[in-house]
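Structure record follows, encoded as structure tokens.
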Amino acid sequence: MAHDLSLAQSHAFHLCNNLMVPITLFKSGDEFGVLPSDELDDEDDLEIVHEYFPRGSH
């Protein structure tokens with residue numbers, strides 16, 4: 001988790017393109033986090049900020 005949005009965005013972008021899977025950037029309280037999109041549950045109380053997709057997947 002990070003308090004800095006630009007740091008979390010950078011981590012999400014690089015993780016997405018290294019793992020070649022969609023990554024979700026989310027906010028929980030006053031912190032930001034990233035997870036592979038398929039690991040998020042609908043029940044999680046998270047605010048989705050952005051979903052990153054690997055280059056070439058569109």
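Start counting the sequence shown at 1; every next residue gets the next number (the working numbering). Idealized CB from N, CA, C, for every residue including glycine. Owing to the predicted nature of the structure, the values given are computational and were not obtained by experimental measurement.
Check, Outcome
"Rounded C-alpha distance that separates histidine 11 from lysine 27", "14 Å"
"Inter-residue CB distance, valine 49 and leucine 19 (contact presumed, cutoff 8 Å)", "At roughly 19 Å, the Cβ-Cβ gap does not stay under 8 Å, so valine 49 and leucine 19 are not in contact."
"Cα-Cα separation between glycine 33 and alanine 2, rounded to whole angstroms", "6 Å"
"Nonlocal neighbours in the same chain, by C-beta distance under 6 Å from leucine 46, ignoring five residues either side", "Phe26 and Ser28"
"Those residues which DSSP pairs with leucine 36 across a bridge", "Correcting the residue identity first, residue 36 is proline in this sequence and not leucine. According to DSSP, which records beta bridges pairwise, proline 36 is partnered with Ile23."
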